[in-house]
Amino acid sequence: MAKILDQAAENPFWFHECFLMSMPLGKKVANLKELLEGLREIDESVLFYHLMQSRLALGQPAVEYPNDFALWAANALQDSKLAEKLSSFDPFEYQNLGLVRQAVVDILEEYLWDLPFVPWARPGFEFHFCQASAVVMHSLISAQTLKEFCAALSKVGLDSIYYHFFEARWRLGELKSDDFSYWIETNFGLPELVTAIRNLDIYFYSLKELRETLQGLIHQHLGELCDHPG
Amino acid sequence: MITLDDYAPIVGEEVVGQLRRLAEHLQGRRFVHINSTSVGGGVAEILSWAVPLLNQLGLETRWEVILGDPAFFEVTKAFHNGLQGFKVHLTPAMLEHYRQVNRENARRFSWEADVVLVHDPQPACLIEELRPQAAHWVWRCHVDVSRPQLAVWRFLREIVKQYDASIFSMSQFAQNLPHPQYLIRPSIDPLSEKNRDLTDKEITAVLHHLGIEKDKPLVLQISRFDSFKDPVGVIQAFRLVRRHAPCKLVLAGGEATDDPEGAEILAQVQEAAQGEPDIQVLLLPPEAQHEVNALQRAADVIVQKSTREGFGLTVTEAMWKGKPVIGGAVGGIVLQLRDYHTGFLVHSPEGCAFRIRYLLHRPEMARRMGQTAREFVRTHFLITRHIRDYLTLMILLENPGNRLIEL
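As given, the protein sequences belong to chains U and X, one line each in that order. Residue numbers for the first sequence, in our numbering: 44 to 273. Residue numbers for the second sequence, in our numbering: 4 to 410.
Here you go:
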């Protein structure tokens with residue numbers, strides 16, 4: 044196992060840094076019906092922001108809800124049942140953002156269908172649509188071997204974890220893949236580790252937890268020689 | 004002089020390195036900030052540290068302050084109140100005076116710039132005179148404009164829409180504007196006199212100097228004497244707490260040169276506190292940053308019971324000092340305080356009283372919340388993140404229409 048840890052990759056892994064600038068649209072909705080209508084019309088970048096990017100823009104110290112829609116249902120509509128439904132929804136189960144949009148629309152539509160009234164947000168807690176622009180640049184951190192890769196995971200920022208795990212899925216066009224597992228697969232094989240990384244429940248974790256979970260996973264597969272968050 | 008490297012022990016070497024690498028792409032850019040006061044208030048504070056650091060990073064950054072007479076600041080205070088939802092009356096003569104003062108200030112500015120960041124409404128109108136002097140004009144709004152008075156916003160919107168972009172502290176404040184809008188959260192400087200670590204001796208000396216005896220748990224609100232900060236509501240909350248738990252209240256506030264209402268509100272607060280020896284009302288000069296720091300560190304519970312708030316940097320400061328904070332559920336305070344994690348949000352004097360009691364009776368919970376709050380601030384609300392946002396914004400402005408820029 045020590046041998047594979049020190050084996051040089053054909054292509055080194057360059058960690059990227061990703062700086063998001065949130066861009067509010069100046070459009071808000073005050074009740075669930077308006078949200079449903081808004082979701083049908085908004086640009087996919089807006090959907091992507093509220094499902095994925097917002098965790099990098101302002102990651103909360105404790106994750107109660109994995110996306111902005113669930114958080115809004117809980118805090119603004121004070122509707123725990125809807126918040127639960129929106130929390131258990133996983134965008135990575137769909138092939139593209141069009142299908143993701145349809146899935147969220149379906150959840151809201153079904154929910155509204157059964158309700159005798161339209162839930163309204165508390166005043167001042169309307170849902171505000173946002174999107175983001177990003178500047179991405181090479182960090183100074185790269186890894187030639189798996190051992191270096193493990194060590195680097197502790198050094199890079201959470202923006203890097205976000206970029207290689209979340210942004211990558213849309214960039215690569217494969218929702219089940221990510222930059223980390225792709226690099227390991229193409230340079231070292233290691234099918235069990237690759238599958239384990241791809242099976243991570245990434246939507247559930249905060250970025251910090253995700254980093255620790257990934258380190259733990261590599262440790263589990265490659266043994267003591269790899270740094271473990273401890 | 005404080006250098007960028009001094010922040011590395013606080014935020015990590017990698018964060019400082021990131022700033023340097025981002026700034027490499029912006030060397031020599033001319034960046035001008037314009038606001039209306041050099042002392043007092045959050046904007047002046049942010050600029051006092053941001054400008055030197057941006058210069059250290061190789062951007063030619065300058066800070067201009069517009070001048071105005073009392074009548075001008077009456078108008079801009081009315082803008083401020085109107086933007087925050089209060090009914091105000093603006094006459095054509097007042098609006099013309101506002102334009103006139105901006106025109107006079109414009110004559111003093113001969114610089115040319117790549118990016119001009121104009122803070123708040125006071126200098127917003129400069130763009131009408133100076134547009135050709137800069138490639139990109141960005142309007143930075145620091146106030147809570149979630150529900151502005153229509154007449155005020157209608158007037159300002161005509162000015163703001165001439166800009167290339169605008170920046171708000173929260174998405175709730177964004178407006179229907181014809182240009183890109185960005186979110187940049189404000190921040191605090193952990194090395195400033197207001198936020199640096201203090202020794203117990205330094206804290207005790209300040210308490211002694213201010214005549215505060217720490218014989219009971221201390222509840223504190225630090226903020227300007229402004230009706231939106233609801234100091235009278237804090238006194239009401241304190242009186243409710245006092246029935247159940249011994250404690251004392253300190254209300255300490257500074258004055259800003261661009262706020263003509265401060266004296267009136269201070270008088271109301273002093274009246275409300277009359278006859279209560281456990282309430283101390285302190286009017287602090289803008290330079291009393293060391294005193295504010297010591298008061299926050301001496302406090303057991305810190306309150307910011309605002310009814311409107313752009314962001315609430317006093318909340319950020321208190322969180323950075325590891326204190327449990329109770330804040331009004333408005334504006335940027337909602338972003339910072341998460342119930343039971345980083346603080347408590349309240350909606351009334353009664354709610355505020357209840358949470359003060361909760362924290363006074365549960366010191367271990369208060370300690371844990373304070374620690375979580377400090378780490379939250381470290382990640383999101385320190386100046387290094389703010390500088391990073393400025394740099395990212397400048398790169399985005401130079402690449403209009405491009406939502407993903409790979410350097």
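We put the beta carbon where it would ideally sit given N, CA and C, even for glycine. What you are looking at is a predicted structure, and each value in this text was computed from that prediction instead of being measured.
- Interface annotation, F171(X): in contact with chain U, CB-CB separation under 8 Å.
- A direct Cα-Cα distance of roughly 9 Å separates L254(X) from V222(X).
- Boundaries of the alpha helix (DSSP H) harbouring D222(U): 222-231, taken from the DSSP string.
- For A177(U), the nearest beta carbon of chain X is closer than 8 Å to its own beta carbon.
- DSSP places C173(U) outside any alpha helix (DSSP H); the residue lies instead in the beta strand (DSSP E), whose first and last residues are 170-186.
- Close partners of Y185(X) in chain U (Cβ separation under 9 Å): M64, S65, M66, P67, S176.
- The criterion of a C-beta distance shorter than 8 Å is satisfied by E294(X) and V209(X).
- When Cβ-Cβ separations below 8 Å define contact, C193(U) makes no contact with chain X.
- Contacts with chain X at 8 Å (Cβ-Cβ) include L183(U).
- Counting only runs of at least 3 residues, the region 106-132 of chain U fully encloses no beta strand (DSSP E) element at all.
- The beta-bridge partner set that DSSP reports for K71(U) consists of H171(U).
- For I162(X), the closest Cβ of chain U is not nearer than 8 Å.
- For the region 226-259 of chain U, the beta-carbon criterion of a distance under 8 Å to any beta-carbon of chain X is satisfied by none of its residues.
- From the listed residues I37(X), E63(X), P12(X), the smallest Cα separation to E27(X) is found for E63(X).
- Taking a C-beta cut-off of 8 Å against chain U, the contacting residues of the region 11-24 of chain X are E17, V18, G20, Q21, R24, listed in chain order.
- Taking C-alpha positions only, S123(U) is separated from Q271(X) by approximately 42 Å.
- For V304(X), no chain U residue has a C-beta closer than 8 Å to its own C-beta; the minimum C-beta separation is roughly 19 Å.
- T375, E378, F379, T382, H383, R391, D392: these are the residues of the region 372-392 of chain X whose beta carbon lies less than 8 Å from some beta carbon of chain U, given in chain order.
- At a cut-off of 8 Å between C-beta atoms, G216(U) does not count as an interface residue with respect to chain X.
- Buried is the label assigned to G256(X), since at least 16 other Cβ atoms lie within 10 Å of its Cβ.
- For Y361(X), the enclosing alpha helix (DSSP H) begins and ends at 352-364.
- Within the region 51-118 of chain X, the beta strand (DSSP E) runs of at least 3 residues that lie entirely inside it are, in chain order, 63-68.
- Only residues of its own chain outside the window of five on either side were considered, and among them F58, E60 have a CB closer than 6 Å to the CB of S182(U), listed in chain order.
- Partner residues in the beta bridge of Q307(X), as assigned by DSSP, are G330(X).
- Residue pairing by DSSP puts E409(X) in a beta bridge opposite V179(U).
- Ranked by Cα distance from L159(X), the options R110(X), L93(X), A137(X), I215(X) are led by L93(X).
- Of E252(U), D49(U), F247(U), the smallest CA-CA separation from P134(U) is found for F247(U).
- Between E161(X) and A137(X), the C-beta gap is not smaller than 8 Å, which leaves the two residues out of contact.
- Looking only at S41(X), I13(X), I5(X), M4(X), the smallest Cα-Cα distance to V380(X) is reached by I13(X).
- Residue-level contact check: R143(X) does not touch chain U, since none of the beta carbons of chain U fall below 8 Å from its beta carbon.
- Non-local C-beta neighbours of L79(U) in its own chain, meaning closer than 6 Å and more than five positions away in sequence, comprise L151, ordered along the chain.
- By the C-beta density criterion, L68(U) is buried, having at least 16 other C-beta atoms within 10 angstroms.
- For L215(U), the number of other beta carbons within 10 angstroms of its own is below 16, and it is reported as exposed.
- Counting along the chain, the unbroken alpha helix (DSSP H) around W323(X) starts and ends at 316-323.
- Closest option to E99(X), judged by alpha-carbon separation, among V78(X), H83(X), V118(X): V78(X).
- Taking a C-beta distance under 8 Å as the contact criterion, S176(U) and R406(X) qualify as a contact pair.
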